[in-house]
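Taken in order, the sequence shown gives residues 2 to 325; the numbers are from our numbering.
Beta carbons: idealized from backbone N, C-alpha and C, even for Gly.
Data block below; observations after.
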Amino acid sequence: MAKPNKFCEHGGSMEFFDFADMPVDTSWPTGMKKLFAEDEEELFPPERIRFAEDIDVQDVIYSHKPEAELHMLIYSPKEKTKHHYPLVVCIPGSGWHKQTLTDNYRYAQHLVREGYIVVSVQYRHAAIASMPAPIVDTKNAIRYLVLNAAKYSIDTQRIAVMGDSSGGHTALMVGLTPCKLFTDDEYKGVYFSIKCVIDFFGPTNFSTMRNAPYLAEDHAAADGSIGEVLGGRDVDECPEECALYSPVNYVKEGIALPDVMILHGNRDGVIPFSQSVEMFEKLRDCGHFVEFLCFEKAAHWSGGFRSWTMLKAVRDFLRNNMKE
């Protein structure tokens with residue numbers, strides 16, 4: 002059932018629901034596809050981490066920041082049959098809090114078997130660094146991999162970025178912004194291009210987070226996950242920063258952008274479904290290639306996102322958009 006509306010102080014009209022009672026967002030923008038799936042326990046079993054015997058996993062430090070050493074996990078086939086493999090960079094979702102790099106190890110291993118090198122990237126979290134640290138760090142991770150492409154058997158002409166929730170936001174920011182934007186002096190002069198982006202239910206416009214009709218919590222508040230990564234400020238207090246760090250604002254007509262895939266459940270109580278609708282419509286209307294898959298009645302990372310249906314959709318998108 003609906004909780005009392007706590008957004009009225011910000012001028013919003015959003016209803017505040019318990020996660021279990023979240024209504025379905027019935028938006029259906031032209032071009033969106035709907036999928037029906039259920040989570041499959043045998044595919045993502047609730048057990049301790051077990052790396053597959055045919056997969057090599059390396060823990061590598063790619064950056065030494067004053068706040069922290071930053072790691073990446075590199076997944077690759079133990080028996081390599083090629084000199085170079087396309088690269089999929091995964092950014093774990095965490096609400097910009099400290100990440101667990103093994104969160105995505107199951108689908109990383111599936112993608113390795115499909116012929117990719119998969120890298121899970123750590124970035125400075127909101128407790129030690131605010132925006133644009135996640136974007137800067139992820140771009141530096143990619144530069145490190147480009148510099149060491151021969152060592153890790155990476156095809157630098159075929160790079161995809163993929164992330165879920167806050168990681169989806171970072172993936173979009175890395176993929177849609179110019180290589181030189183949001184960088185520091187680490188790996189200076191190393192350039193890369195992104196071939197495609199896969200966004201699982203990431204926030205796309207900080208300024209419109211409260212425009213959704215209903216949510217389970219207010220991430221745009223100063224103590225919400227977005228507010229924290231903006232330095233402990235409510236989004237209404239920093240409109241310029243919100244615009245700067247919203248990937249939807251980097252979509253324009255007549256510019257080269259990577260192909261984009263968006264996946265979102267229309268019963269998501271964490272990130273409004275409307276965030277993905279907004280990004281999809283902007284990409285579509287500006288003439289860019291975008292595929293939008295709505296998982297019917299799915300919540301945040303459940304209701305079909307742990308399924309063969311999801312993995313096949315991602316596999317097919319990568320096959321079609323990471324060709325040599």
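Whole-angstrom distance between Gly168 and Gly176, CA atom to CA atom: Residue mapping note: residue 176 aligns to position 175 of the sequence shown, counting from 1. Residue mapping note: residue 168 aligns to position 167 of the sequence shown, counting from 1. So the two alpha carbons sit approximately 12 Å from each other.
Inter-stretch contact (C-beta, 8 Å, three-pair minimum) for the stretch 22-41 and the stretch 294-305: In short, these stretches touch, since the Cβ pair count reaches three.
Using a Cβ-Cβ cutoff of less than 7 Å, which residues in the same chain neighbour His84 once the five nearest sequence positions on both sides are dropped? In the sequence shown, counting from the first residue as 1, residue 84 sits at position 83. Excluding positions up to five away in sequence, the list reads Ser154.
Check whether the Cβ atoms of Phe293 and Met33 lie closer than 7 Å to each other. Mapped onto the sequence shown, residue 293 falls at position 292. Mapped onto the sequence shown, residue 33 falls at position 32. Closer than 7 Å, so yes.
Using only the alpha-carbon positions, how far apart do His301 and Asp269 sit? Translated into positions along the sequence shown, residue 301 becomes position 300. Translated into positions along the sequence shown, residue 269 becomes position 268. Straight-line Cα distance between these residues: approximately 5 Å.
Using CA atoms only, rank isn't needed, just tell me which of Gly266, Ile160 and Leu319 is closest to Lys140. Counted from its first residue, the sequence shown places residue 140 at position 139. Among Gly266, Ile160 and Leu319, the Cα nearest to that of Lys140 is on Ile160.
Would you mind listing the beta strand (DSSP E) stretches within the stretch 149-235 that are 3+ residues and don't spill past its ends, in chain order? 155-165 and 197-201
Using the C-alpha atoms, what's the distance from Asn267 back to Glu279? Taking the sequence shown and counting its residues from 1, one reaches residue 279 at position 278. Taking the sequence shown and counting its residues from 1, one reaches residue 267 at position 266. Between Glu279 and Asn267, the C-alpha separation is close to 13 Å.
Assigned secondary structure, Phe8 (DSSP; H/G/I helix, E/B strand, else coil): Translated into the one-based positions of the sequence shown, residue 8 becomes position 7. Bear in mind that a pLDDT of 41 at Phe8, under 50, signals an unreliable position, so the model cannot answer this.
Helix, strand or coil at Phe296 [DSSP, three-state]: Taking the first residue of the sequence shown as 1, we reach residue 296 at position 295. Of the three classes helix, strand and coil, the one that applies to Phe296 here is strand, per DSSP.
Quick one, are the C-beta atoms of Phe207 and Val236 less than 7 Å apart? As a first step, residue 207 must be located in the sequence shown, where it is residue number 206. As a first step, residue 236 must be located in the sequence shown, where it is residue number 235. Yes, these two residues count as a Cβ contact at 7 Å.
Residue interval of the alpha helix (DSSP H) (run including His111): Numbered from 1 along the sequence shown, position 110 holds the residue referred to as residue 111. From DSSP, the alpha helix (DSSP H) with His111 extends over Tyr106 to Arg114.
Compute the distance between the beta-carbons of Phe290 and Ile263, then report whether it is under 7 Å. Translated into positions along the sequence shown, residue 290 becomes position 289. Translated into positions along the sequence shown, residue 263 becomes position 262. Not in contact: Phe290 and Ile263 (Cβ atoms no closer than 7 Å).
Coil, strand or helix - Glu282 by DSSP: Stepping through the sequence shown from its first residue, residue 282 is reached at position 281. Secondary structure of Glu282 (DSSP, three-state): helix.
I'd like to know whether the C-beta atoms of Gly164 and Ile92 end up nearer to each other than 7 Å. To locate residue 164, count along the sequence shown from 1; it is residue 163. To locate residue 92, count along the sequence shown from 1; it is residue 91. Yes, Cβ-Cβ distance for Gly164 and Ile92 is below 7 Å.
Bridge-paired residues (DSSP) for Ser121: Taking the sequence shown and counting its residues from 1, one reaches residue 121 at position 120. The partner list for Ser121 (beta bridge, DSSP) reads Leu74 and Cys91.
Who are the near neighbours of Ala69 in its chain, counting only those whose CB is closer than 7 Å to its CB and skipping five residues on each side? One-based indexing of the sequence shown puts residue 69 at position 68. Contacts found: Arg125 and Ile129.
What does Leu36 pair with, by DSSP beta-bridge criteria? As a working mapping, residue 36 is identified with position 35 in the sequence shown. The secondary-structure analysis by DSSP pairs Leu36 across a beta bridge with Phe296.
Among Lys283, Arg211 and Pro214, nearest to Val250 - alpha-carbon criterion: Numbered from its first residue, the sequence shown carries residue 250 at position 249. Before going on, a small fix: residue 250 reads as Asn here, not Val. The shortest Cα separation from Asn250 among Lys283, Arg211 and Pro214 belongs to Lys283.
Using DSSP bridges, identify the partner residues of Val61. Counted from its first residue, the sequence shown places residue 61 at position 60. Bridge partners of Val61: Met73.
Quick one: what's Asp260 bridged to in DSSP? Counted from its first residue, the sequence shown places residue 260 at position 259. In the DSSP output, where bridge partners are listed per residue, Asp260 has Cys197.
CB Ile136 to CB Met174, shorter than 7 Å? Numbered from its first residue, the sequence shown carries residue 136 at position 135. Numbered from its first residue, the sequence shown carries residue 174 at position 173. Contact: yes.
Near Trp309, which residues of its chain fall below 6 Å by C-beta distance, leaving aside the five closest residues on each side in sequence? Taking the first residue of the sequence shown as 1, we reach residue 309 at position 308. There are no such residues.
Taking buried to mean at least 16 other C-beta atoms within 10 Å of its own C-beta, is Asp60 buried or exposed? As a working note, residue 60 is residue 59 in the sequence shown. Its Cβ having fewer than 16 others within 10 Å, Asp60 is exposed.
Quick one, are the C-beta atoms of Phe202 and Ile272 less than 7 Å apart? Taking the first residue of the sequence shown as position 1, residue 202 is located at position 201. Taking the first residue of the sequence shown as position 1, residue 272 is located at position 271. Yes, they are a contact pair.
Rounded to the nearest angstrom, how far is the Cβ of Asn105 from that of Lys196, given a contact under 8 Å? Within the sequence shown, the letter at position 104 stands for residue 105. Within the sequence shown, the letter at position 195 stands for residue 196. Wrong, their Cβ atoms sit about 19 Å apart, outside the cutoff.
Take Lys152 as the anchor and find which of Thr171, Ser131 and Ser77 has the nearest alpha-carbon. Numbered from its first residue, the sequence shown carries residue 152 at position 151. Comparing Cα-Cα distances from Lys152 to each of Thr171, Ser131 and Ser77, the minimum goes to Ser77.
If you measure between the beta carbons of Ile56 and Gln123, is that distance less than 7 Å? Counted from its first residue, the sequence shown places residue 56 at position 55. Counted from its first residue, the sequence shown places residue 123 at position 122. It is not a contact, given that the beta carbons lie outside the stated cut-off.
Could you check what DSSP says for Val271 in three-state terms: helix, strand or coil? By one-based count along the sequence shown, residue 271 stands at place 270. Coil.
Have a look at Arg211 and Met132 and give me their C-alpha separation to the nearest angstrom. To locate residue 211, count along the sequence shown from 1; it is residue 210. To locate residue 132, count along the sequence shown from 1; it is residue 131. Roughly 20 Å between the two C-alpha positions.
Have a look at Ser64, Leu102 and Asp26 and flag the residue whose alpha-carbon is nearest the alpha-carbon of Ile50. In the sequence shown, residue 50 corresponds to position 49, counting from 1. The shortest Cα separation from Ile50 among Ser64, Leu102 and Asp26 belongs to Leu102.
Could you tell me how far apart the beta carbons of His265 and Cys287 are, in whole angstroms, since I believe they sit closer than 8 Å? Counting from one through the sequence shown, the residue named residue 265 turns up at place 264. Counting from one through the sequence shown, the residue named residue 287 turns up at place 286. At roughly 19 Å, the Cβ-Cβ gap does not stay under 8 Å, so His265 and Cys287 are not in contact.
May I ask you to report which of helix, strand or coil DSSP gives Ser404? Past the edges of the chain, shown from 2 to 325, lies residue 404, and the structure says nothing about it.
How would you call Ile62, buried or exposed, if buried means at least 16 neighbouring beta carbons within 10 angstroms? By one-based count along the sequence shown, residue 62 stands at place 61. Per the 10 Å Cβ criterion, exposed.
Taking just the CA atoms, how far does His220 sit from Gln276? Counting from 1 along the sequence shown, the entry for residue 276 is found at position 275. Counting from 1 along the sequence shown, the entry for residue 220 is found at position 219. Approximately 13 Å between the Cα atoms of the pair.
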